[in-house]
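Numbering (UniProt numbering), first residue to last: 1 to 121.
Think of the CB as a built atom: it goes at the ideal place given N, C-alpha and C, for glycine as much as any other residue.
All values reported here derive from a predicted model rather than from experimental measurement.
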Amino acid sequence: MGQFRRRMYNEYSQEFSNDENFNIAYQKVRRIRKFYSHLRIYLIVNFIIIIANLNKDFFGHGIQESGLLNWETYSTALFWGIGLLAHALSVFGRDILFSDEWEKKKIQEYMSKESANNKWE
Numbered sequence: 001m002g003q004f005r006r007r008m009y010n011e012y013s014q015e016f017s018n019d020e021n022f023n024i025a026y027q028k029v030r031r032i033r034k035f036y037s038h039l040r041i042y043l044i045v046n047f048i049i050i051i052a053n054l055n056k057d058f059f060g061h062g063i064q065e066s067g068l069l070n071w072e073t074y075s076t077a078l079f080w081g082i083g084l085l086a087h088a089l090s091v092f093g094r095d096i097l098f099s100d101e102w103e104k105k106k107i108q109e110y111m112s113k114e115s116a117n118n119k120w121e
């Protein structure tokens, strides 16, 4: 969730009626559901692509490992994965890597280091 949206939910949540709170929660859940649907399709399609490239000449020569070494095998997964990462960041925001708790802990850590460095001033 973006910083603006998070601030809006936190500051104005008291002013929303129950219907508005339900609509906000419904939209969050709907965005998360769409992301997981996107992830599921990504995994299925890329699994099929890898298996198809592995078995490209199965009936002629058996399973060929050359399909696993081709750039074409992984290019779809790579570029689609970048799009999937962008989708994940739009749904979950920066909380995936840096949550509010992590931020507070780092602020406290830097403040304690700074106070220790300025102890004799």
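Of the choices H87, N117, Q108, K104, whose alpha-carbon is the least far from that of F35? H87
State the Cα-Cα distance for the pair S112 and K28, rounded to the nearest angstrom. 37 Å
Where does L78 sit, in a helix, a strand or coil, going by DSSP? helix
When E101, I49, E103 are compared against W80, the one with the closest alpha-carbon: I49
What residue does the alpha helix (DSSP H) around L54 start on, and which one ends it? 18–54
Just reading off the alpha helix (DSSP H) that N117 is part of, what are its end residues? 100–117
Rounded to the nearest angstrom, what separates residue 138 and G83 at their Cα positions? The shown model of the chain, from 1 to 121, leaves out residue 138, and the question about it has no answer.
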